[in-house]
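A.B. asks:
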Amino acid sequence: MQNPLLNTKDLYLQFKVYGGNLKVLNGVDFTVWPGERVGLVGETGCGKTTTMKSILRVLPVSQSKVTKGEIIFKGKDILKMSKTEIQQVRKERISMIFQDPTASLNPVFTIGNQLQDVIKFSKVSKKNNIGNKEIKAQAIAMLKKVSLPDPERMLKSFPIQLSGGMRQRVCIAMALASSNDLMIADEPGTSLDVTIKDQILNLLSELVKNTGISIILISHALGAVRNITDRTYVMYAGYMVEVAKTKELFNNPLHPYTKGLLNAIPRLTGKGKMKGISGYIPGYLDPPTGCRFYPRCQDAKIVCKKKKPPFIKVSEGHEVACWLF
Amino acid sequence: MENNSILKVEKLKKYFYTRQGIVKAVNGVSFTIQEGEILGLVGESGSGKSTIAYTVVGMYKPTEGEILYRGKNIGTRALYRSMALKKEIQIVFQDPGGSLNPRRNIMQIIEVPLRAHSLVDECRNLYTQVEKLLKMVELPVSYMFKYPNMIGGGEKQMVGIARALATNPSLVVLDEPTSALDVSIQAKIINMLIRLQKQLKLSYLFITHDLSLMKNIASRVAIMYLGKICETAPTYEFFRNPLHPYTQMLLSSIPVISDEEEELKPKKIRSLGEIPSPVNIPSGCSFHLRCPWKKEICIQEDPKSLEIEKDHFVRCHVYKK
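Have a look at this one:
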């Protein structure tokens, strides 16, 4: 069997704050195989973005600390890499698309400036020693790839002159220019309208199919994940509670939290009453011991309070972290 | 039927004058809300949904057109409205964090409308009133002395709802009340809103961009595009037989979570383009730039609203009587 592209093993991460340590990540096990489309869902504040940021090591060093675990990318531990090595990874291997395209583009430089910089500094072009003309040609090709109209004019315009959907396309173009292995899309459509979001997600899944890179799609919209991913992780309060093939997960959810999430979504059929999950995500300063979901869980047992449930394999590729199984 | 309408909006227009030109945020919108009905107003951002909400509650003065509340024209700013009228129409805002004063506790926030409308005579009654309101929105009474930053987003929105209900209104305008919240909390708030609507016999003008949410709560749906309504229909009819190309585009781009729902969606219409700026609205039908069924006439002439079936109105050249 192939080696996984990215694998985090039992990752624990803490943030230092005034009141003590926030135990945010609590044993994250996460695997991405080459060429796979992985979805990651969970509520606000469950640690989705933090996991991704710790993979890229872009969290502030002074406040965050990985207390346990390792992140293995292509056989190397990211946490033990030197500064230049991790920069190489960010430059050439992994790239990230952020939720808010407005905030992730620099407002005082043109799109062309920013995009050409990315192409210039990715190692691909350095090796081949290509000139400015070719970089520009590449930039235009990139913009065409994400189906932006009139790319030549686009290069000269500033982010403020573009609409939200167009900005997000530019961000995707930048990410494509510098990533050869893995693209992390952090809620790429959340700040956009439904029809635009649909366009962006279609574009992403097409690009991934054509280029063959892996993608991690982070979202709290379960529907979006269902459409374009192969495998889905469900995260709750700092660790993965369920993983399965996307189809399997939506047809046969096992963890009480996954069930609750699916029940909370308004259905187009109008059938079935929406049910919320009572309670809120726990505070990280003093999280519940054992399973972090038990205060909100309807089927909680005594063992849930005492011990953290391990990943239990239910069927091929379907694993659940819950004492019920 | 006519007499039963609680709110009637007739050819409402609201223009904003800016340096770039005139922004036609709402451009000739008519709709009615019957007593005890939930009207869902759906549209993308920039289509003028919120402007309608603000005009109805009197934050803006309409440029043209009429707003009739129980047959009486109320098309003025709130400043010139009577207290009795203001009491009847209340609003819940989109951002629960931004609409509560961070320096006041929940008690102080909820008591403002009670005091302003002289609904309580004694201080003692104030407590019981606020307590009653908190119980109504399923919040513990101890929250009375908490500050907004001590409670979660969903709870903040519940306080916002309690504040709107404090004056015992008959019409509540809900401006995307759940779009800033997680799904698990959204479900709870929506269920509560439905319960309150039945219990207190309220009418809602529910503004949202989530169509599948509409299916679950609204009795009628209106779709807005660039300051105009392009389709209105009773919810059941609307989802069974969506007619306008924009509606079909919206419906087909909803991400759904089961195969059963997938079958309900109209055949995939690929979403194209983006909503144009409301400063220079395209000529003719404002949707023609993105429309898959575009014809010659669409560029020149703005279609009129037609009643295809009973209560099902569409504004598109494709349909003829």
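Just so you know, the protein sequences line up as chains A and B, in that order.
If you want the working numbering, it's the position in the first sequence, counting the first as 1, plus 8.
If you want the working numbering, it's the position in the second sequence, counting the first as 1, plus 32.
The C-beta atom is built at its ideal place from N, Cα and C for all residues, glycine as well.
Since A:TYR292 and A:PHE38 should fall inside the 8 Å C-beta cutoff, what is the C-beta to C-beta distance between them, to a whole number of angstroms?
C.D. replies: Going by Cβ atoms, the distance from A:TYR292 to A:PHE38 rounds to 19 Å, so no, they are not a contact pair.
A.B. asks: Threshold first: 3 residues or longer. Then list the beta strand (DSSP E) segments lying entirely within the segment 64-88 of chain B, N to C.
C.D. replies: For the segment 64-88 of chain B, whole beta strand (DSSP E) runs of length 3 or above, ordered along the chain, are 70-75.
A.B. asks: Tell me, which residues are paired with B:ILE239 by DSSP?
C.D. replies: Answer by DSSP bridge pairing, in chain order: B:LEU73 and B:ASP207.
A.B. asks: With a threshold of 7 Å between beta-carbons, can A:THR277 be considered close to chain B, or not?
C.D. replies: Yes, A:THR277 lies at the interface with chain B (some Cβ there is under 7 Å from its Cβ).
A.B. asks: Count the other CB atoms within 10 Å of the CB of B:ILE123; is the residue buried (16 or more) or exposed (fewer)?
C.D. replies: With 16 or more Cβ atoms within 10 Å of its Cβ, B:ILE123 is classed as buried.
A.B. asks: Specify, as a first and last residue, the run of the alpha helix (DSSP H) that A:GLY47 falls within.
C.D. replies: No alpha helix (DSSP H) contains A:GLY47, which is instead part of the beta strand (DSSP E) from 45-49.
A.B. asks: With DSSP collapsed to three states, give me the class of A:ASN188.
C.D. replies: Of the three classes helix, strand and coil, the one that applies to A:ASN188 here is coil, per DSSP.
A.B. asks: Do the segment 111-121 of chain A and the segment 160-174 of chain A make contact, defined as three or more Cβ pairs closer than 8 Å?
C.D. replies: As far as the Cβ criterion goes, the segment 111-121 of chain A touches the segment 160-174 of chain A, which means the pair count is three or higher.
A.B. asks: Under the DSSP definition of a beta bridge, which residues are partnered with B:PHE48?
C.D. replies: Partner(s): B:VAL55.
A.B. asks: Nearest chain B C-beta to A:SER171 closer than 7 Å, yes or no?
C.D. replies: True, the Cβ-Cβ gap to chain B drops below 7 Å.
A.B. asks: When the Cα of A:GLN71 is compared with those of A:ILE320, A:PHE129 and A:VAL32, which residue comes out closest?
C.D. replies: Of A:ILE320, A:PHE129 and A:VAL32, the residue nearest in Cα terms is A:VAL32.
A.B. asks: Output yes or no for whether 7 Å exceeds the beta carbon distance between B:PHE238 and B:LEU206.
C.D. replies: Against a cut-off of 7 Å, the Cβ pair of B:LEU206 and B:PHE238 comes out as a contact.
A.B. asks: Under the three-state reduction of DSSP, which class applies to B:ARG186: helix, strand or coil?
C.D. replies: Per the sequence shown, the amino acid found at residue 186 of chain B is Gly instead of Arg. Reduced to three states, the DSSP call for B:GLY186 is helix.
A.B. asks: B:HIS349 to B:CYS330, Cα distance in whole Å?
C.D. replies: When rounded, the distance between both Cα atoms is 7 Å.
A.B. asks: Any residues in the segment 300-331 of chain B with a beta carbon nearer than 9 Å to a beta carbon of chain A? Which ones, in chain order?
C.D. replies: Listed by position along the chain: ARG302, SER303, LEU304, GLY305, GLU306, ILE307, SER309 and ARG322.
A.B. asks: Does any residue of chain A bring its CB to less than 7 Å from the CB of B:MET281?
C.D. replies: Taking Cβ atoms only, chain A reaches closer than 7 Å to B:MET281, which makes this a yes.
A.B. asks: At the 7 Å Cβ level, is A:ALA252 part of the contact set with chain B, yes or no?
C.D. replies: It does not; no Cβ of chain B falls within 7 Å.
A.B. asks: Note down the Cα distance separating A:ALA149 from A:THR16, rounded to an integer number of angstroms.
C.D. replies: Each residue's Cα considered, the two are about 35 Å apart.
A.B. asks: To which residues of the same chain is B:TYR44 closer than 6 Å at the C-beta, ignoring the five residues directly before and after it?
C.D. replies: Residue identity check: residue 44 of chain B is Leu in the sequence provided, not Tyr. Once the five neighbours on either side are set aside, the close Cβ partners of B:LEU44 are VAL58, VAL61, PRO94 and GLY97.
A.B. asks: For chain A, find out if any of its Cβ atoms is closer than 7 Å to the Cβ of B:SER30; answer yes or no.
C.D. replies: Nothing about residue 30 of chain B can be read from this structure; chain B reaches only from 33 to 353.
A.B. asks: Can you look up A:GLY81 in the DSSP assignment and give me helix, strand or coil?
C.D. replies: In the sequence under discussion, the amino acid at residue 81 of chain A is Phe, which differs from the Gly named in the question. In the structure shown, A:PHE81 sits in a strand (DSSP, three-state: E or B).
A.B. asks: Would you say B:VAL288 lies against chain A (beta-carbon separation less than 7 Å)?
C.D. replies: Chain A contact via Cβ: present.
A.B. asks: Kindly indicate if chain A contains any beta-carbon less than 7 Å away from that of B:LEU228.
C.D. replies: No, B:LEU228 lies away from the interface with chain A (no Cβ there is under 7 Å from its Cβ).
A.B. asks: I'd like to know if B:ASP214 contacts chain A, where contact means its C-beta is closer than 7 Å to some C-beta of that chain.
C.D. replies: With 7 Å as the cut-off, B:ASP214 counts as an interface residue toward chain A.
A.B. asks: What residues match up with A:THR16 in a beta bridge as DSSP calls it?
C.D. replies: Its beta-bridge partners are A:PHE38 and A:ILE79.
A.B. asks: Per DSSP, B:GLU122 forms a beta bridge with which residues?
C.D. replies: Checking the sequence shown, residue 122 of chain B turns out to be Gln, not Glu. The partner list for B:GLN122 (beta bridge, DSSP) reads B:VAL204.
A.B. asks: Can you give the Cα-Cα distance for B:ILE101 and B:GLU42, rounded to whole angstroms?
C.D. replies: Per the sequence shown, the amino acid found at residue 101 of chain B is Tyr instead of Ile. Cα to Cα, the separation comes out at about 11 Å.
A.B. asks: For the segment 210-291 of chain B, which segments carrying the beta strand (DSSP E) assignment without a break, of at least 3 residues, lie completely within its bounds, in sequence order?
C.D. replies: Fully enclosed beta strand (DSSP E) runs of 3 or longer: 235-240, 252-257 and 260-266.
A.B. asks: If we cut at 7 Å on Cβ distances, does A:GLY246 have a partner in chain D?
C.D. replies: No chain D appears in this structure, whose protein chains are A and B.
A.B. asks: Does the beta-carbon of A:GLY83 have 16 or more other beta-carbons within 10 angstroms, so that it is buried, or is it exposed?
C.D. replies: Classification for A:GLY83: exposed.
A.B. asks: DSSP on B:CYS348, reduced to helix/strand/coil?
C.D. replies: Coil.
A.B. asks: Indicate whether at least one CB of chain A lies closer than 7 Å to the CB of B:SER285.
C.D. replies: Yes - at least one Cβ of chain A is within 7 Å of the one on B:SER285.
A.B. asks: Shorter than 7 Å from the beta carbon of A:CYS14 to some beta carbon of chain B?
C.D. replies: The question names Cys, yet the displayed sequence has Leu at residue 14 of chain A. Chain B, which has no Cβ nearer than 7 Å to the Cβ of A:LEU14, makes this no.
A.B. asks: Using 8 Å as the threshold, is the segment 302-316 of chain A in touch with the segment 74-82 of chain B, meaning 3 or more CB pairs across them?
C.D. replies: No: fewer than three Cβ pairs fall under 8 Å.
A.B. asks: Go through its chain and collect everything with a Cβ distance to A:THR335's Cβ below 8 Å, but skip five positions before and after it.
C.D. replies: Residue 335 of chain A lies beyond the stretch modelled for chain A, which goes from 9 to 333, so this question has no answer here.
A.B. asks: For B:TRP325, count neighbouring Cβ atoms within 10 angstroms of its own Cβ and tell me buried if that reaches 16, exposed if not.
C.D. replies: It is exposed - the Cβ of B:TRP325 has fewer than 16 other Cβ atoms within 10 Å.
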